[in-house]
Amino acid sequence: DAKTTQPPSMDCAEGRAANLPCNHSTISGNEYVYWYRQIHSQGPQYIIHGLKNNETNEMASLIITEDRKSSTLILPHATLRDTAVYYCIVDNNNDMRFGAGTRLTVKP
Amino acid sequence: DTAVSQTPKYLVTQMGNDKSIKCEQNLGHDTMYWYKQDSKKFLKIMFSYNNKELIINETVPNRFSPKSPDKAHLNLHINSLELGDSAVYFCASSFFRDSNTEAFFGQGTRLTVV
Numbered sequence: 172d173a174k175t176t177q178p179p180s181m182d183c184a185e186g187r188a189a190n191l192p193c194n195h196s197t198i199s200g201n202e203y204v205y206w207y208r209q210i211h212s213q214g215p216q217y218i219i220h221g222l223k224n225n226e227t228n229e230m231a232s233l234i235i236t237e238d239r240k241s242s243t244l245i246l247p248h249a250t251l252r253d254t255a256v257y258y259c260i261v262d263n264n265n266d267m268r269f270g271a272g273t274r275l276t277v278k279p
Numbered sequence: 012d013t014a015v016s017q018t019p020k021y022l023v024t025q026m027g028n029d030k031s032i033k034c035e036q037n038l039g040h041d042t043m044y045w046y047k048q049d050s051k052k053f054l055k056i057m058f059s060y061n062n063k064e065l066i067i068n069e070t071v072p073n074r075f076s077p078k079s080p081d082k083a084h085l086n087l088h089i090n091s092l093e094l095g096d097s098a099v100y101f102c103a104s105s106f107f108r109d110s111n112t113e114a115f116f117g118q119g120t121r122l123t124v125v
């Protein structure tokens with residue numbers, strides 16, 4: 172079973188930042204936080220991951236709290252094409268278990 | 012080139028039939044997975060293989076048998092198909108890592124059992 176909790180849905184205005192929260196209070200010291208998204212019925216797409224430090228790449232930023240019990244994925248300028256289900260996963264040893272995710276709807 | 016490719020993309024078959032879904036990756040990964048996404052959209056891991064050896068086998072009926080002829084392929088064979096097997100099946104691959112690399116997913120195979 173998934174070890175994370177996410178809100179089932181969120182809306183965001185186009186061009187604004189989308190902040191997607193995730194709780195992973197039982198995360199252990201060697202588990203990474205991963206974010207994937209699934210657009211419509213396509214295969215899940217990797218976004219970003221981190222262990223302790225905040226991370227940024229061309230798609231998003233990942234903010235992990237100091238106690239590592241929660242994190243936030245930030246899409247800095249959401250577009251309509253970012254509408255998708257976003258999954259937060261804690262993973263160690265190749266055991267990626269998806270929860271229900273957050274359905275993000277970006278609105279014009 | 013597609014990194015993780017699955018065939019077929021769509022599969023419609025009758026109950027009781029036996030079918031296979033093929034998966035190939037050209038990323039040099041040593042670990043491959045099968046996931047099932049049902050009508051409620053939950054993605055559930057079924058199997059994972061590392062270097063052709065089974066490392067994760069969730070509670071999946073014996074009718075499902077993964078076969079890994081080499082590191083680049085993980086095929087899923089399903090015997091005696093049932094209505095409840097209708098779903099989208101995703102293959103994925105990654106390195107058997109220290110949890111510091113991402114997985115790549117195929118585009119899915121939509122299986123419909125009638």
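Order-wise, the sequence lines are chains U and S. If you count the first sequence from 1, you need to add 171 to reach the working numbering. If you count the second sequence from 1, you need to add 11 to reach the working numbering. Virtual Cβ for every residue (Gly too), placed ideally from N, Cα, C.
Residue i - partner residues in DSSP beta bridges
i	result
Pro192 (chain U)	U:Thr243
Val261 (chain U)	U:Val204
Gly270 (chain U)	DSSP lists no partner for Gly270 (chain U).
Ser232 (chain U)	U:Thr227, U:Ile245
Lys30 (chain S)	S:Ile89
Gln209 (chain U)	U:Val256
His40 (chain S)	Bridge partners of His40 (chain S): none, in fact.
Arg121 (chain S)	S:Tyr21, S:Val99
Lys278 (chain U)	U:Ala184
Ser16 (chain S)	S:Glu35
Ile219 (chain U)	U:Trp206
Thr176 (chain U)	U:Asn194
Integer Cβ distance of residue i from residue j, believed to fall under 8 Å
i	j	result
Asp29 (chain S)	Ser91 (chain S)	7 Å
Thr175 (chain U)	Val261 (chain U)	6 Å
Asn61 (chain S)	Phe116 (chain S)	The pair is not a contact, with the Cβ atoms about 17 Å apart (cut-off 8 Å).
Pro179 (chain U)	Thr250 (chain U)	That belief does not hold up - the Cβ atoms of Pro179 (chain U) and Thr250 (chain U) are roughly 22 Å apart, past 8 Å.
Tyr203 (chain U)	Gly221 (chain U)	7 Å
Ile89 (chain S)	Phe75 (chain S)	6 Å
Pro72 (chain S)	Leu87 (chain S)	Their Cβ separation, rounded to whole angstroms, is 12 Å, which puts Pro72 (chain S) and Leu87 (chain S) out of contact at 8 Å.
Ser104 (chain S)	Met26 (chain S)	With a Cβ gap of about 31 Å, Ser104 (chain S) and Met26 (chain S) do not count as contacting.
Tyr205 (chain U)	Pro215 (chain U)	About 10 Å; that fails the 8 Å criterion.
Tyr217 (chain U)	Ala114 (chain S)	7 Å
Ser212 (chain U)	Val99 (chain S)	6 Å
Val124 (chain S)	Thr18 (chain S)	With a Cβ gap of about 18 Å, Val124 (chain S) and Thr18 (chain S) do not count as contacting.
Cβ of residue i within 8 Å of any chain U Cβ
i	result
Leu54 (chain S)	yes
Ile32 (chain S)	no
Gly39 (chain S)	no
Val99 (chain S)	yes
Glu64 (chain S)	no
Ala14 (chain S)	no
Ala83 (chain S)	no
Asn111 (chain S)	yes
Phe75 (chain S)	no
Phe116 (chain S)	yes
Gly27 (chain S)	no
Gly95 (chain S)	no
Ile67 (chain S)	yes
Short CB-CB distance (under 8 Å) between residue i and chain S
i	result
Pro178 (chain U)	no
Ala231 (chain U)	no
Asp253 (chain U)	no
His195 (chain U)	no
Arg268 (chain U)	yes
Ser212 (chain U)	yes
Tyr257 (chain U)	no
His220 (chain U)	yes
Ala184 (chain U)	no
Ala271 (chain U)	yes
Pro192 (chain U)	no
Pro215 (chain U)	yes
Quick one: which unbroken beta strand (DSSP E) runs of 3-plus residues sit fully inside the region 47-119 of chain S? Chain order, please. Taking only runs of at least 3 residues, the beta strand (DSSP E) segments lying wholly in the region 47-119 of chain S are 54-61, 64-68, 75-81, 84-89, 98-105.
Does the count of Cβ pairs from the region 29-48 of chain S and the region 230-246 of chain U closer than 8 Å reach three? no
Any chance the region 41-58 of chain S sits against the region 66-86 of chain S, with 3 or more Cβ pairs inside 8 Å? yes
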